[in-house]
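Engineer: For the sequence shown, full-length UniProt numbering assigns the number 1 to the initial residue and increments by one for each residue that follows.
Backbone N, C-alpha and C define an ideal beta-carbon position, used for all residues, glycine too.
Nothing here was measured: the structure is a model prediction, and the numbers come from that model.
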Amino acid sequence: MPPGLLEAVTPANRDVVYLTGYSLLDESNAKVFLEWLPRAAGATVLFDPGPLVGQIPTDRLTAVLAYVDIVSCSTREAKILETADVEVLIVREGPAGCRVVNGGHSVTVPGFPVATVDTNGAGDAHCGVLAAELLAGTGLLEAARRANAAAAIAVAGHGPATSPTRSELDDFLA
């Protein structure tokens with residue numbers, strides 16, 4: 001990512017910034033994000049470390065986590081991040097749903113078991129809908145429930161580009 005690419009981007013207080021661990025693997029990309037993240041103060045920063053979290057240098061990961069409001073990750077990724085001090089941790093647990101840990105309190109948000117065709121992209125669908133719902137002003141637990149539904153819809157289809165539209169999500173939840 002070229003330096004200065006994010007100069008014109010200043011999130012507002014109600015915005016949601018979504019950052020993935022893939023963005024931190026390359027040193028130059030990580031540098032751009034780390035220089036930019038202070039400008040996101042006031043916005044909700046949602047971070048999905050991704051399956052390569054163990055390959056992100058610890059100093060980079062620690063620096064980014066200082067700006068993160070919500071971490072959304074798989075059970076395996078959560079074990080790697082278990083000592084991280086984050087405001088909200090959402091642990092995606094497949095068909096069981098997710099666990100939302102906020103202020104030391106843990107709430108299980110049930111999933112939607114479906115016939116699984118392809119799990120590729122389920123986490124992306126979950127995070128995308130979570131971000132969209134938070135941006136729309138939906139409360140955290142309801143946003144997590146809708147994100148669980150999106151992941152269920154995603155795994156019922158082929159390929160990673162199977163995140164539902166809002167109307168498909170509403171129909172699924174009706």
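#1: Check whether the Cβ atoms of Val107 and Leu141 sit closer than 8 Å, and answer yes or no.
#2: Could you give the residue range of the alpha helix (DSSP H) that holds Asp171?
#3: On a Cα-Cα basis, can you pick out the residue from Pro110, Ala131, Ala154 that is closest to Asp118?
#4: Could you tell me which residues DSSP puts in a beta bridge with Cys98?
#5: Are the segment 93-106 and the segment 36-48 in contact at 8 Å, needing three or more beta carbon pairs?
#6: Go ahead and label Val109 buried or exposed: buried means 16 or more other beta carbons lie within 10 angstroms of its beta carbon, across all protein chains shown.
#7: What did DSSP end up calling Tyr22 once you bin it into helix, strand or coil?
#8: How big is the Cα-Cα spacing for Ser28 and Asp85?
#9: Measuring CB to CB, does Arg60 end up less than 8 Å from Ala12?
#10: In the structure shown, what three-state DSSP assignment does Val155 receive?
#11: Around the C-beta of Ala144, are 16 or more other C-beta atoms found within 10 angstroms, so that it is buried, or is it exposed?
Structural biologist: On the basis of the data shown:
#1: yes
#2: 166-173
#3: Ala154
#4: Arg92, Val109
#5: no
#6: buried
#7: helix
#8: 25 Å
#9: no
#10: helix
#11: buried
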